[in-house]
Each structure stands twice: as C-alpha cells, then as structure tokens.
Amino acid sequence: MDATFTLLQKALPGLQKNILLKNYTSFKIGGPAEYFLVTHNKNTIIKAIALAKKIQIPVFVLGGGTNLLVSDKGVKGLVVKIENHHPIAQKNNSCIEAGAGVLMKSLVSFSVEKSLQGLEWAGGLPGTFGGAIRGNAGAFGGETQDSILEVEALDEHLQVKKLNNKRCQFSYRNSVFKEKKWIVLSAKLQLKKGDKKELGRLAASHIAYRKQKHPLEYPSAGSVFKNVDFKKIPARFQTVFLDKVKKDPFEIVPAAWFIIGAGLTGKKIGRAEVSKKHSNYIINLGGAKATDVLKLIALVKKQIKKKYGIVLEQEVQFLK
Ligand SMILES: Cc1cc2nc3c(=O)[nH]c(=O)nc-3n(C[C@H](O)[C@H](O)[C@H](O)COP(=O)(O)OP(=O)(O)OC[C@H]3O[C@@H](n4cnc5c(N)ncnc54)[C@H](O)[C@@H]3O)c2cc1C
167 MDATFTLLQK ALPGLQKNIL LKNYTSFKIG GPAEYFLVTH NKNTIIKAIA
217 LAKKIQIPVF VLGGGTNLLV SDKGVKGLVV KIENHHPIAQ KNNSCIEAGA
267 GVLMKSLVSF SVEKSLQGLE WAGGLPGTFG GAIRGNAGAF GGETQDSILE
317 VEALDEHLQV KKLNNKRCQF SYRNSVFKEK KWIVLSAKLQ LKKGDKKELG
367 RLAASHIAYR KQKHPLEYPS AGSVFKNVDF KKIPARFQTV FLDKVKKDPF
417 EIVPAAWFII GAGLTGKKIG RAEVSKKHSN YIINLGGAKA TDVLKLIALV
467 KKQIKKKYGI VLEQEVQFLK
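If you read the sequence shown in my numbering, its first letter stands for residue 167, the second for the next number, and so on.
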C-alpha cells in the first residue's frame, strides 16, 4: 500500500504510478516516474506543485521532453507534464497569448496563419512554449526572448507573478525561470504584421534545413553541447576556427566543429552514437541507455578539453 500515492491521487485525479519516461522524451530513454500527472489546467499545476512541496517529495515539470536525458533508474517523486493548458489566442492585432504546454510547432503555425512575423526562426523547433521560454531556445539567429512581452510564472513561494521581458533576465539559453526554478504558466508574445506567404516560406525553409542537416530519423535531445563563445577559444585555436564563426546570437563556433576536429564523429558507446550527420547530436540507435549517453558525453568533454583546452557546457539536462 502506497500511502503517498493514495494521498496524491485523492487531490490529483488522473495521477499515475511508475510511468516510463522514455515514452515522454525525444531521446526515448529513461526509467519510470514514481508518480506522474498529465495536466491541461493551470490550477492543477499549482495544486500539484504545492502538494508535492507540502509532503516533501521532489517535483519536476515536464514539457515536451526534448531537452532531457532521463536516468535509466527513473525519477523519485512527482513528474507533472504540462500539456496545452490554455489555447493560443490573438489578443489584439499583433499580440498572441498561449499556455506553457502549447507546442512551439502550433505556435509557429498559428502566427504564420495570422500573418504575424517574429517566430519563423522556430520552424522545426520541438518542445513546448514553456520549455522554450525557460531555456531561451534559439535557432537561425532568433531567440525566444526576441518577442516575449510578458510571462506568467509560479515562483518558489507558489506566488503567481507577471514579468515583463526585462524581468525574465534572458541570456544565451538561460532565464530567471531556469536560474530560480520558476514554472512558466503562460506568456504573451509581441509580433509584427508580415506577409503570410513569406513567413510560411521562411518557417518551412528552417524545417527543411533541419531535416537535411540533423539526424531527425533517430531519437535524440538535439544539440548536446552549447556552442562555444569565440572569445573563450584559446588564441592559438581561434585562427583554426575563424571560417566557422557564426553569429547566433553573438559570435560562436558550433560545438560540432570541435567534436569533428577531435575525431569523435561516429564514436559509439553501447547503442548511443555521436551522429555522423551532425556531430553535436548523440543519437539513440535503439535501446540506448542513459549510462551509454553519459559515458559518451564524458568522453567528448575529456577529449575536447585535452585537444583544445575548452570545457564544453552541456545543453541537454540530465534528470535523475
Ligand atoms: C531534434 C531537436 C532539435 C532541437 N533544436 C533546438 C534548437 O534549434 N534550439 C534550441 O534552443 N533547442 C533545441 N532543441 C532542444 C529543445 O527542443 C529545446 O530546449 C526546447 O525548448 C525544450 O522544451 P521542452 O518543452 O521539450 O522542455 P523539456 O525537455 O520538457 O524540459 C526541459 C527543461 O525545461 C523545464 N520546463 C519545461 N516546461 C517548463 C515550464 N512550463 N516552466 C518551467 N520549466 C519548464 C523542465 O523542467 C526541464 O528542466 C532541440 C531538440 C531536439 C530533440
């Protein structure tokens, strides 16, 4: 008899036990969540988090599971998966409001449909709106922060607050929500009027680029490492990578070039492999364990440090 489960289930109808997280992550890796709740409702999110805190069990908020490597042993406590808990709405001519669980894919389609410019860079970006805000997701020179007007979030004292763009403290793949573990509930985007056909063409070109260049035919969590700030590359290697510098959003060298340079492309541990199509992706060849991926990550970090004196920072989060 699991008294905690009984107590939680009473307050949170629909709560499940021992749910395999591999089925809720893009990596298709991960053991069970002790307690698991899918919710579409803001009040339920708040209630679930408040209750977990009260009975002192760990609580983790899951979006699309596209930036996560979950331990093979699974996760103790409660995992709350936020799904589209309130629909996308156009507030005035060029402002959109959406819930944290809305998929970025739906948000991009909606903005294009309404001839609103500003989200085309996110064509093909997986995951939820909440996940993108928390990590200030970006691609093709654009970032989530570029069009955020206001974010509604739950803080560590379970207070709901509204933050303007500045108070979100966005930086490269970071925000106040990540730093302080605040939960994004919903947000408003300020977009501009644009040409529907042109916006659709741009978003589709990014989707096509991803299909061509990224190993989307295998489960993964996207880029494993953050790109490297050009200024942080030791002077003797700056000239080597000069023709690889990109502005995204500041001057960086894609981490993939260091992995290629260290001869690690195609390196395999167990059923995990450094992708031959895009060296900053680790792919699951089928049946990979989190331990395989962790060993591969450690190996890549060690070799890059040895060869280039650079400490690669992980973009993918390990959940245990
Ligand atoms: C094929 C592929 C391509 C990718 N390409 C890119 C890319 O181009 N650019 C890029 O930046 N990323 C990319 N990613 C990584 C990933 O898609 C993004 O980081 C995405 O924004 C994560 O959102 P999610 O909903 O999946 O978050 P999850 O993976 O579910 O969670 C990630 C973290 O966010 C937290 N979180 C989730 N929802 C909330 C919320 N509502 N409030 C607070 N915290 C929350 C979780 O607790 C966790 O700590 C890619 C991933 C894949 C698989």
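Beta carbons are placed, not taken as given, at the ideal position from N, Cα and C, and that holds for glycine.
Just so we're clear, the structure is a prediction, and the values are computed from it rather than from any experiment.
1) What distance in whole Å lies between the Cβ atoms of Lys442 and Gly432, which are believed to be in contact at a cut-off of 8 Å?
2) Reducing DSSP to helix, strand and coil, say where Phe226 ends up.
3) Which of the three DSSP states, helix, strand or coil, is assigned to Phe424?
4) Using C-beta distances below 6 Å, list every residue in its chain close to Lys328, excluding the 5 sequence neighbours before and after it, in chain order.
5) So Asn302 packs on Phe336, CB below 8 Å; how close in whole Å?
6) Give the straight-line distance between the Cα atoms of Asn207 and Gly436, rounded to the nearest whole angstrom.
7) Grab me the residues of Arg376's own chain with a C-beta within less than 6 Å of its C-beta, minus the 5 sequence neighbours each way, in chain order.
8) How would you call Gly452, buried or exposed, if buried means at least 16 neighbouring beta carbons within 10 angstroms?
9) Less than 8 Å between the CB of Val227 and some heavy atom of ligand 1, yes or no?
10) With 16 other CB atoms within 10 Å as the buried threshold, where does Phe484 fall?
11) Taking Lys467 as the reference, give the member of Ala454, Gly429, Asn450 with the closest Cα.
12) Just how far apart, CA to CA, sit Val241 and Leu187?
13) Looking only at C-alpha atoms, which of Ser272, Glu322, Leu355 sits nearest to Ser313?
14) Which residues in the same chain have their Cβ closer than 7 Å to the Cβ of Gly475, if we skip the five residues on either side of it in sequence?
15) Which runs of the alpha helix (DSSP H) fall wholly inside the segment 207-285 and span at least 4 residues, in chain order?
16) Do you know how far the Cα of Ile425 is from the Cα of Thr405?
17) For ligand 1, is there any heavy atom lying closer than 8 Å to the beta carbon of Asn233?
18) Between Tyr190 and Leu228, is the Cβ-Cβ spacing less than 9 Å?
To lay it out plainly:
1) Between Lys442 and Gly432 the Cβ distance is about 5 Å, and since that is below 8 Å, they are a contact.
2) strand
3) helix
4) Glu316, Glu318
5) About 5 Å; that satisfies the 8 Å criterion.
6) 40 Å
7) Counting only Cβ-Cβ distances below 6 Å, and skipping sequence neighbours, we find Gly290.
8) exposed
9) yes
10) exposed
11) Gly429
12) 9 Å
13) Leu355
14) Pro400
15) 208-220, 270-279
16) Going by C-alpha positions, Thr405 is about 17 Å away from Ile425.
17) yes
18) yes
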